[in-house]
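**Student:** Residue numbers (the UniProt record's numbering): 1 to 972.
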């Protein structure tokens, strides 16, 4: 055997089919080579004429050495900065078994409830924890960050104005005590939709102002002040003004919750509940509100329903995918939650329980109280009278602040500095100890030229938690059994594993979701994510302390620019929908800079992802829908008519490429040129970028801006429904308008206001995409795209004799995804797309994307990471289901009681003493032979969604609420 001395390529492990499998599939699809297939699939006029200019691919071992050298450039200082970001301890049992576990991070959004009961339960735990701590009636399953959660609150409250006094009111008040990044995000989000903002001191606010419809308060505020909000909220309500409160969740274990003060909405971050700072993200924001707003609450809500057997079952409730249903009439474009991070924070609450959280909060408060005493003894002025974890030292001159900074730097400590206000802020967290407090006092003693005689150990013996009566929490919280029985590691470990085993994810089988690109999340890509050099960095540290991050940003931006063909990239948008919004806002800023403020019409194809029109409305655009022809392509005649009609006011076209129907449209360049001729710009939705990389690019096609779903094409895991990242690439003329930030310099010279709370969005997960590109290299990325297209065409050709294929391009080729039509089976057999989706669970598969972009269809995307064996296993399942449908059509199976209508089949059903169905248990559970040896069992039978909406329960249910003694899953 010839000895090979070269290093093994990462791409050969990432790409599922080997050379022999690729040749077999090429023979099936009738192509002589991958290049031949691509020539028949992608229009020649948009093909790249040279390879991507990217660094040579690294092996896994070499990459980990490379990223380690980058990580060491980050300096881990002890952070006392606060501002909504805190160092925290991720319990090791959660770190290893959730954050580092592909059984949790490779799962998809839980739209298929029967095979997602584990993370649905974890999210109900999260919602329960949030509602209990905030004193509100319901909460959603997380949002992107505190700043955007506050913006969602303003939008929701604006849509709910009522009564003669406030129906047309258009002004929202923001307390100057809110975090600066939150204020900045609110300015960004409200300006394009015409909501007027007023920033000021809430104690001087006139709530009778006729234009006022709502206000946002921070509790505790950004400088640490804790004030009773009851009278202000009461006065606001007396004048029909809504009140939102941004609250620190940990403080609410000790302080009176905003809900008990009368708040209408409470928002905030759960980051300090076990999620590393990660230079800004990802973290799970929370959004809690009153029952009155249950149908207006943005994002996802998890509710309790029942299954076909009458057992309790969790599922997504109410407004799920609202933006896809209401499109331009939607109140939010939120598509990505932060499920993985919400799950971690919820488990943090489960592991510590209410008493554990109070111990942590009391320790934090005690350290802060001791710091205030010690600093006063040194002669410093503490401006914060009543506080939880943050105090502000005031009355400082610039020289003193510089002395504090210098000594703190020497001790590797970061404070929050404000020279213009003569202030230094100090925030404590659960990772700090008495020794850290001693160091803080020595810093200030040195700056004052004094010796610190404050004995922290002796003083700590007498410190207690004491607040005024009106600020002292008296109500119990988190008293459900789930928060009070898993406090030993062994019990917690078993609980985590129990929930994990109820979920189907990429560790079990292919998830062939069209448009969602469920790729392999390679282990080597995930390893750096939990290194402290990336996790323990506050987003507002001096830039030199984050030199490693900035090297990573520079490289990733350069590589993404090369891949897209654009001039520059902004990494700030922290979801795909945020990327859409950001792209449109840069276009808007460009037109405004030219004095063309009238350009506010955005054309959106009827086939577009539902977030497209919703994002356009949020960016202040008027949405005009253009038709698609019978082949699923943009109807050029209709587009020309719309463009000419709105030429004077045309801002942009939003287009997805390849099309949402899985076709490389031949006329895409002509479409882009048409928009440009009329003064508009082209925004490209990057959802289907996995069919472009290395073969074509948004710039090559003619787009001006494109967002990239890093959780699709570039391998960040979906995490059960988030985190995601949606950076945008732009042409030269849009570079000046890339988003900035009020705390850390970023973006263009005329940059739009920030679209996320952190300067670089969810910075820590950018390590994953960095790893993917660096290990794949130019050739690997190109081959991945080619194989993604091959896998799609192979599945299409294997299934075309069994299911109608809805759209294809020239020569009958599809892009990286294709649509099969299920609609005819409704007439022939009484079977529809949900029946097929549920039956696939019995075969061990998650359903493809259902009823999008065409109702009654399934959109299938296999990705390049799936081997031929897995593709064939999926085809066998689909063909098996087609034969089951045929049995109904031919009268061999009962039209009302059959394996599809009763699917999925749980172990409990199959093993029950009674079996009165007209098909065998074998047919129900083991329709293919291999399933007898490798079976994933759905946790519940078919879930009754309508029952759950009629009987909305979004928190852990008390035992007595379950009929017939059926215990809720939460206390198993």
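Every residue gets a Cβ at the ideal spot worked out from N, C-alpha and C, and that includes glycine.
Note down the Cα distance separating residue 7 from residue 187, rounded to an integer number of angstroms.
**Tutor:** On the chain shown, residue 7 is found 7 positions in, with the first residue counted as 1. On the chain shown, residue 187 is found 187 positions in, with the first residue counted as 1. Computed Cα separation, rounded: 51 Å.
**Student:** Could you tell me whether the stretch 914-933 touches the stretch 879-897, where touching means 3 or more Cβ pairs closer than 8 Å?
**Tutor:** With the cut-off at 8 Å, the stretch 914-933 and the stretch 879-897 touch.
**Student:** By Cβ distance, which residues of its chain are closer than 6 Å to residue 518, with the 5 residues on each side in sequence left out?
**Tutor:** Position 518 of the chain shown, counted from the first residue, corresponds to residue 518. If we look at residue 518 and ignore the five residues flanking it on each side, its Cβ neighbours are 511.
**Student:** Just verifying my parser: in three-state terms, what is the DSSP assignment at residue 834?
**Tutor:** Counting from 1 along the chain shown, the entry for residue 834 is found at position 834. Correct three-state label for residue 834: helix.
**Student:** Among the residues of its own chain, which have a CB less than 8 Å from the CB of residue 965, if the five just before and after it don't count?
**Tutor:** Walking along the chain shown from the start, residue 965 turns up at place 965. Confidence at residue 965 is low in this model, with a pLDDT of 38, below 50, so the placement of that residue should be treated as unreliable; the coordinate-derived value is given next. None.
**Student:** Per the DSSP calculation, residue 218 is bridged to which residue(s)?
**Tutor:** As a working note, residue 218 is residue 218 in the chain shown. According to DSSP, residue 218 bridges with 246.
**Student:** Taking only the alpha-carbon atoms, compute the straight-line gap between residue 252 and residue 146 and give it to the nearest angstrom.
**Tutor:** Residue mapping note: residue 252 aligns to position 252 of the chain shown, counting from 1. Residue mapping note: residue 146 aligns to position 146 of the chain shown, counting from 1. Going from the Cα of residue 252 to the Cα of residue 146 covers about 16 Å.
**Student:** Who are the near neighbours of residue 769 in its chain, counting only those whose CB is closer than 7 Å to its CB and skipping five residues on each side?
**Tutor:** As a first step, residue 769 is located in the chain shown; it is residue number 769 there, counting from the start. Same-chain partners within the cutoff: 556, 710, 714, 715 and 716.
**Student:** In terms of alpha-carbon separation, which member of 260, 247, 209 and 267 lies closest to residue 239?
**Tutor:** Here residue 239 is taken as the residue at index 239 of the chain shown, counted from 1. The option with the nearest alpha carbon to residue 239 is 209.
**Student:** Determine the extent of the beta strand (DSSP E) in which residue 241 is found, giving its start and end residues.
**Tutor:** What you label residue 241 is simply residue 241 of the chain shown in a count that begins at 1. Segment: none, residue 241 is in no beta strand (DSSP E) and carries neither H nor E.
**Student:** So, helix, strand or coil for residue 83, using DSSP?
**Tutor:** In the chain shown, the residue the question calls residue 83 occupies position 83. Coil.
**Student:** For the alpha helix (DSSP H) holding residue 919, just list the boundary residues, first then last.
**Tutor:** Counted from its first residue, the chain shown places residue 919 at position 919. Where residue 919 is concerned, there is no enclosing alpha helix (DSSP H), given that its DSSP letter is neither H nor E.
**Student:** In angstroms with no decimal places, state the Cα-to-Cα distance between residue 976 and residue 375.
**Tutor:** One cannot answer for residue 976 here, as it falls past the ends of the chain, which runs 1 to 972.
**Student:** Any chance you could list the alpha helix (DSSP H) runs of at least 4 consecutive residues sitting entirely within the stretch 175-233, in chain order?
**Tutor:** The stretch 175-233 contains these whole alpha helix (DSSP H) runs: 180-190.
**Student:** With a cut-off of 8 Å, do at least 3 Cβ pairs link the stretch 19-31 to the stretch 863-873?
**Tutor:** Counting Cβ pairs under 8 Å, three or more are found: they touch.
**Student:** Which partner residues of residue 290 appear in the DSSP bridge assignment?
**Tutor:** Position 290 of the chain shown, counted from the start, is the residue given in the question as residue 290. According to DSSP, which records beta bridges pairwise, residue 290 is partnered with nothing at all.
**Student:** Within 8 Å, do at least three Cβ pairs link the stretch 445-461 to the stretch 395-411?
**Tutor:** The stretch 395-411, when compared against the stretch 445-461, does touch it at the 8 Å Cβ threshold.
**Student:** What does residue 172 pair with, by DSSP beta-bridge criteria?
**Tutor:** Your numbering for residue 172 matches position 172 in the chain shown. Residue 172 pairs with 197 and 214.
**Student:** In the DSSP assignment, find the unbroken beta strand (DSSP E) run with residue 876 in it and report its ends.
**Tutor:** The residue given as residue 876 occupies position 876 in the chain shown. Element bounds for residue 876: not the beta strand (DSSP E) but the alpha helix (DSSP H), 868-889.
**Student:** Determine the closest residue to residue 609 out of 598, 424 and 849, with distance taken between C-alpha atoms.
**Tutor:** Counting from one through the chain shown, the residue named residue 609 turns up at place 609. Nearest option by C-alpha distance: 849.
**Student:** For residue 386, which three-state DSSP category applies?
**Tutor:** For the purposes of this step, residue 386 is taken as the residue at position 386 of the chain shown. Note: residue 386 maps to coil in three-state DSSP.
**Student:** Got a sec? Which residues, its chain only, sit under 6 Å from residue 736 by beta carbon, not counting five neighbours each side?
**Tutor:** Position 736 of the chain shown, counting from 1, holds the residue named residue 736. So the list reads 748, 749 and 750, once near-sequence residues are dropped.
**Student:** Report yes or no: do the stretch 674-689 and the stretch 652-659 share at least 3 C-beta pairs separated by less than 8 Å?
**Tutor:** They touch, by the three-pair rule.
**Student:** Using CA atoms only, rank isn't needed, just tell me which of 935, 726, 57 and 908 is closest to residue 941.
**Tutor:** Stepping through the chain shown from its first residue, residue 941 is reached at position 941. The option with the nearest alpha carbon to residue 941 is 908.
**Student:** Is DSSP giving residue 859 helix, strand or coil here?
**Tutor:** The sequence position of residue 859 within the chain shown is 859, counting from 1. It is a strand residue.
**Student:** Is the separation between the beta-carbon of residue 831 and that of residue 825 shorter than 8 Å?
**Tutor:** The residue you call residue 831 lines up with position 831 of the chain shown. The residue you call residue 825 lines up with position 825 of the chain shown. Cβ distance < 8 Å, so residue 831 and residue 825 count as in contact.
**Student:** Given this structure, state the Cα-to-Cα distance separating residue 976 from residue 816, to the nearest angstrom.
**Tutor:** No statement about residue 976 is possible, as the shown extent of the chain runs from 1 to 972 and does not include it.
**Student:** Could you tell me which of 851, 412, 812 and 487 sits nearest to residue 37, measuring between CA atoms?
**Tutor:** As a working mapping, residue 37 is identified with position 37 in the chain shown. Here the closest residue by C-alpha is 812.
**Student:** Can you tell me whether residue 78 is helix, strand or coil according to DSSP?
**Tutor:** In the chain shown, the residue the question calls residue 78 occupies position 78. Strand, per DSSP.
**Student:** Would the stretch 837-848 and the stretch 750-769 be scored as touching if the rule is three or more Cβ pairs under 8 Å?
**Tutor:** With a cut-off of 8 Å, the stretch 750-769 and the stretch 837-848 do not count as touching, because too few Cβ pairs lie within range.
**Student:** Please work out which residues of its chain come closer than 6 Å, Cβ to Cβ, to residue 79, disregarding the five sequence neighbours upstream and downstream, and give them in chain order.
**Tutor:** Here residue 79 corresponds to residue number 79 of the chain shown, with the count starting at 1. 87, 414 and 538, listed in sequence order.
**Student:** Does the beta-carbon of residue 15 have 16 or more other beta-carbons within 10 angstroms, so that it is buried, or is it exposed?
**Tutor:** Locating residue 15 in the chain shown gives position 15, where the first residue counts as 1. Burial call: buried.
**Student:** Does the beta-carbon of residue 476 have 16 or more other beta-carbons within 10 angstroms, so that it is buried, or is it exposed?
**Tutor:** Taking the first residue of the chain shown as position 1, residue 476 is located at position 476. By the 10 Å Cβ count, residue 476 comes out exposed.
**Student:** Need the endpoints of the beta strand (DSSP E) that residue 316 sits in, please.
**Tutor:** Counting from one through the chain shown, the residue named residue 316 turns up at place 316. Start and end: 312-317.
**Student:** Would you kindly report the start and end of the unbroken beta strand (DSSP E) that includes residue 604?
**Tutor:** Numbered from its first residue, the chain shown carries residue 604 at position 604. Residue 604 -> beta strand (DSSP E) spans 601-605.
**Student:** Just how far apart, CA to CA, sit residue 211 and residue 636?
**Tutor:** Here residue 211 corresponds to residue number 211 of the chain shown, with the count starting at 1. Here residue 636 corresponds to residue number 636 of the chain shown, with the count starting at 1. Cα to Cα, the separation comes out at about 45 Å.
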